Structure formats: C-alpha cells, structure tokens
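Working notes, structure below.
Number of protein chains: 2
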Amino acid sequence: MPDFSEMTPDQIRAHRETVLLRLLIRVAQTETADLVDRLHAAGHGRVNRAHITLLGNIDTEGTRLVEIARRLGVTRQAASQMVGDIEKRGFVERAADPDDGRAQRVRHTQAGRAMLVDALALMHEIEQGYEAVIGKRAMAQLRTSLSKIAQATDAAAALGSPG
Amino acid sequence: MPDFSEMTPDQIRAHRETVLLRLLIRVAQTETADLVDRLHAAGHGRVNRAHITLLGNIDTEGTRLVEIARRLGVTRQAASQMVGDIEKRGFVERAADPDDGRAQRVRHTQAGRAMLVDALALMHEIEQGYEAVIGKRAMAQLRTSLSKIAQATDAAAALGSPG
DNA sequence: ACGAGATCGTCAACCTCCTTGCCTATTTTG
DNA sequence: CAAAATAGGCAAGGAGGTTGACGATCTCGT
Numbered sequence: 006m007p008d009f010s011e012m013t014p015d016q017i018r019a020h021r022e023t024v025l026l027r028l029l030i031r032v033a034q035t036e037t038a039d040l041v042d043r044l045h046a047a048g049h050g051r052v053n054r055a056h057i058t059l060l061g062n063i064d065t066e067g068t069r070l071v072e073i074a075r076r077l078g079v080t081r082q083a084a085s086q087m088v089g090d091i092e093k094r095g096f097v098e099r100a101a102d103p104d105d106g107r108a109q110r111v112r113h114t115q116a117g118r119a120m121l122v123d124a125l126a127l128m129h130e131i132e133q134g135y136e137a138v139i140g141k142r143a144m145a146q147l148r149t150s151l152s153k154i155a156q157a158t159d160a161a162a163a164l165g166s167p168g
Numbered sequence: 006m007p008d009f010s011e012m013t014p015d016q017i018r019a020h021r022e023t024v025l026l027r028l029l030i031r032v033a034q035t036e037t038a039d040l041v042d043r044l045h046a047a048g049h050g051r052v053n054r055a056h057i058t059l060l061g062n063i064d065t066e067g068t069r070l071v072e073i074a075r076r077l078g079v080t081r082q083a084a085s086q087m088v089g090d091i092e093k094r095g096f097v098e099r100a101a102d103p104d105d106g107r108a109q110r111v112r113h114t115q116a117g118r119a120m121l122v123d124a125l126a127l128m129h130e131i132e133q134g135y136e137a138v139i140g141k142r143a144m145a146q147l148r149t150s151l152s153k154i155a156q157a158t159d160a161a162a163a164l165g166s167p168g
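The listed protein sequences derive, respectively, from chains E and W.
The first sequence begins at 6 in our numbering and counts up one residue at a time.
The second sequence begins at 6 in our numbering and counts up one residue at a time.
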C-alpha cells in the first residue's frame with residue numbers, strides 16, 4: 006500500500022482521480038440525470054430517481070412495505086412516504102394483504118408498469134451508448150465485476166450484522 | 006434491443022438485476038458506508054461523505070469556492086454551506102484571495118489534511134478488498150472502463166450545454 | 001387459551017443537503 | 001468610467017431521509 010502520509014500534494018491529487026468510489030459516484034450521477042432527462046423527453050413529467058427505484062423494486066404480485074424498505078435500504082417510514090408520494094402520482098396502489106391483517110401490498114398500476122417498462126428501455130438505451138464507447142467485452146466484464154463486488158460485500162454485511 | 010413491453014414479469018425482474026445503474030448505485034453506497042464506518046473506527050468522529058468529497062476537492066494551494074462548487078456539481082450556495090460546515094469542524098480555513106478581492110481561498114488545515122490522507126488510505130484498503138474478489142486485471146479494467154464512460158459523458162454534456 | 005413480545009404501518013418532529021431568489025462587493029469590459 | 005459579469009453570502013424552502021412513539025395485528029411459549 007502506498008504511504009499516503011509521505012505523498013506530495015500532486016501525488017495525492019493523482020491518486021484521487023483513480024479512486025474507484027469517485028468514478029462510481031460520478032458515472033451513477035450522470036446516468037441517473039440522463040435517465041430522468043429522457044423520461045421527461047418521453048412525456049413522463051415530474052419523475053425522479055426515487056420513483057424509478059421504487060417502481061423497480063415492486064413485484065407484480067405486490068410487495069409489502071417493509072420489504073420495499075429493506076430492498077431500498079431505508080427505514081419503513083421513509084418507504085411509506087415514498088410510496089405515498091408515487092401513489093398520489095398514480096403509479097402504485099395499496100391493497101390489504103390477504104395473509105396478514107397488519108400488512109398491505111403495494112402494486113403497480115397500469116401507468117406505473119408502463120413507466121417502469123419505459124425506464125428499463127431507456128436505461129438499456131443509455132447503457133448501449135456506454136457499450137459503444139468501451140466495447141462489448143468490457144461492458145460485460147463491468148457488469149460481472151460490479152456484481153461480484155456487490156455479492157461479496159453483501160455477504161460480509163450479513164456476517165457483520167446477524168439478524 | 007429487447008422489447009420490454011412484451012416481457013413477462015419474471016423477465017423484467019431478471020433484466021432489472023443486470024441494469025448497470027443499479028449496480029453502480031449499490032456498490033457506491035456500500036463503499037461509502039464502509040468508508041465512513043472505518044473513519045469512525047479510526048477515531049475521526051462525526052464525518053460523512055460530503056466532508057471527504059469536499060476535502061478531496063481542495064487543492065493544497067487553496068481552492069476558490071466557485072471552483073469547489075463546479076467540481077462538486079452544486080450551486081455556490083451549497084458549496085458555501087458545506088465549507089462553512091467543515092470549517093466549524095476545523096478541517097478547512099478560508100483566506101482572502103490575493104489576486105481577487107471578491108474571492109477567497111479555501112485551504113486544508115493540518116487536521117483536514119490528516120483526515121484526507123487517512124480517508125485515501127482507507128479507500129485504498131477497501132478497494133484492495135474488492136481486488137481480492139475480482140482479481141487485479143478485472144479491477145484495472147473496471148477503473149479504465151468507468152473512466153472512459155465518465156470522459157465520454159462529460160464530453161457529451163459539454164457539447165449539449167455550451168457555456 | 002392467552003398474555004408477552006415481535007412485527008407492520010403510520011404520525012410527528014427533525015436533520016441534512018441542496019435548491020431558488022435576492023443581495024453586496026469587486027473585477028472586467030466596451 | 002459606467003455596464004455587465006463574477007465571487008460570495010443570507011434567507012426561505014423543498015426533497016428525502018432520520019428517530020421516536022404509537023395502535024393494530026400476528027406469533028409463540030406456557
């Protein structure tokens with residue numbers, strides 16, 4: 006490992022640029038902004054990343070709020086607020102859970118499903134643009150590498166916090 | 006391109022998992038959380054991602070507020086608030102710019118520099134963990150691919166909004 | 001059968017980060 | 001030099017999360 010405390014300012018600057026985290030955040034932000042722009046252009050007014058993320062995490066048979074919260078990595082309260090938000094916009098609806106009187110199922114509406122399908126298509130379009138830049142092989146390896154890292158860190162997190 | 010409107014729910018679910026954006030966000034979030042945890046463990050109390058990002062975007066000779074805002078992709082006001090925040094914590098200080106009476110230079114304090122050096126070392130440590138999972142070659146290609154994508158999208162953005 | 005405790009969802013209050021709108025001081029420009 | 005651009009700051013507010021407390025319901029050990 007480099008001895009950072011002995012690095013010159015220029016060396017620190019150079020190193021900074023190669024930090025993976027910086028690249029991840031940058032590309033994720035750019036792609037998100039691009040997606041939202043394209044959704045607007047496609048006639049889906051006033052949608053944001055949270056909406057897409059949420060829609061993408063709802064199963065066709067309906068998903069419980071607490072499960073949505075878990076998938077999104079936020080509290081139940083935050084998930085509840087987000088669902089309330091996109092419910093107002095008509096993309097999801099709530100229904101009582103037949104198996105559990107405490108719970109509800111959140112489901113896509115027709116409009117929500119249409120939006121999700123459009124969003125997936127636009128993401129695919131954007132990512133094909135990336136593939137054109139780095140090549141098909143590199144793109145495939147990018148997905149594979151990130152998947153492996155995600156799996157490994159998830160496994161580590163599961164060990165770290167049992168329960 | 007797949008015809009998403011004809012996909013079954015299961016196919017949509019399967020596709021969802023391979024969307025690059027999802028992977029990017031997930032890995033970025035995990036690494037960020039890991040970094041903050043390690044900084045806490047290393048005795049740097051009450052630091053967050055914004056602090057590290059900000060410290061990493063300040064040059065040794067001092068950086069103007071407006072330049073910080075540009076690098077972070079936020080408004081001057083937001084940058085000003087963040088600088089005010091970490092100034093209170095003692096990581097940066099402001100000084101008048103000798104070349105421009107309107108401007109100020111934001112500089113690291115000793116403590117800020119120490120924090121940045123630690124943060125870089127910890128990111129390096131985390132990312133070596135990733136390298137152990139996916140291999141040295143894949144890690145190098147990951148950085149290269151993301152860099153290329155970032156450069157390409159930056160160039161496109163520059164064309165789109167001249168000025 | 002039933003009381004203790006866990007779980008599902010919600011309301012309310014608050015925090016962080018970032019925005020828009022407006023303002024002053026200074027520099028640059030025609 | 002006046003006009004316009006630029007550096008920065010103050011105030012108000014929105015978006016998206018948090019913690020804490022709560023009622024309703026389910027689950028489990030006895």
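Where is the CB? At the ideal position from N, CA and C, for every residue including glycine.
Source: prediction; values computed, not measured.
Q) For the segment 19 to 57 of chain E, which segments carrying the alpha helix (DSSP H) assignment without a break, of at least 4 residues, lie completely within its bounds, in sequence order? A) 25 to 46
Q: Taking Thr-80 of chain E and Val-111 of chain E to be in contact with their CB atoms under 8 angstroms, please state how far apart those CB atoms are, rounded to whole angstroms.
A: Incorrect: roughly 16 angstroms between the Cβ atoms, too far for contact.
**Q.** Short Cβ contact (9 angstroms threshold) for Ile-139 of chain W with Asp-39 of chain W
**A.** no
Q) By a C-beta neighbour count over all protein chains shown, 10 Å radius and 16 as the cutoff for buried, is His-113 of chain W buried or exposed? A) buried
Q. Taking C-beta to C-beta, are Ala-33 of chain E and Ala-161 of chain W nearer than 9 angstroms?
A. no
Q.
By the three-class DSSP mapping on this structure, what secondary structure does Ala-108 of chain W have?
A. Reduced to three states, the DSSP call for Ala-108 of chain W is coil.
Q | Near-chain W residues of the segment 149 to 162 of chain E (beta-carbon distance less than 9 angstroms), N- to C-terminal order | A | Residues passing the 9 angstroms Cβ filter: Thr-149, Ser-150, Leu-151, Ser-152, Lys-153, Ile-154, Ala-155, Gln-156, Ala-157, Thr-158, Asp-159, Ala-161, Ala-162.
**Q.** Rounded separation between Val-97 of chain W and Glu-66 of chain W - CA only
**A.** Val-97 of chain W and Glu-66 of chain W have their C-alpha atoms spaced approximately 12 angstroms apart.
Q) Shorter than 9 angstroms from the beta carbon of Leu-25 of chain W to some beta carbon of chain E? A) yes
Q | Neighbour list for Gln-115 of chain W in chain E, Cβ cutoff strictly below 8 angstroms | A | Within chain E, no residue comes near Gln-115 of chain W; the closest Cβ sits about 12 angstroms away, beyond 8 angstroms.
Q.
Measuring straight from C-alpha to C-alpha, what distance separates Gly-1 of chain E and Leu-25 of chain W?
A. Shown here, chain E extends from 6 to 168; a query on residue 1 of chain E therefore has no answer.
(Q) Rounded to whole angstroms, what is the Cα-Cα separation between Arg-95 of chain W and Gln-86 of chain E? (A) In the sequence under discussion, the amino acid at residue 95 of chain W is Gly, which differs from the Arg named in the question. So the alpha carbons of these two residues sit roughly 36 angstroms apart.
Q) Any chance the segment 52 to 59 of chain W sits against the segment 140 to 147 of chain W, with 3 or more Cβ pairs inside 8 angstroms? A) no
Q: Check whether the Cβ atoms of Glu-36 of chain W and Met-128 of chain W lie closer than 9 angstroms to each other.
A: yes
**Q.** Thr-68 of chain W at chain E interface by Cβ criterion, 9 angstroms
**A.** no
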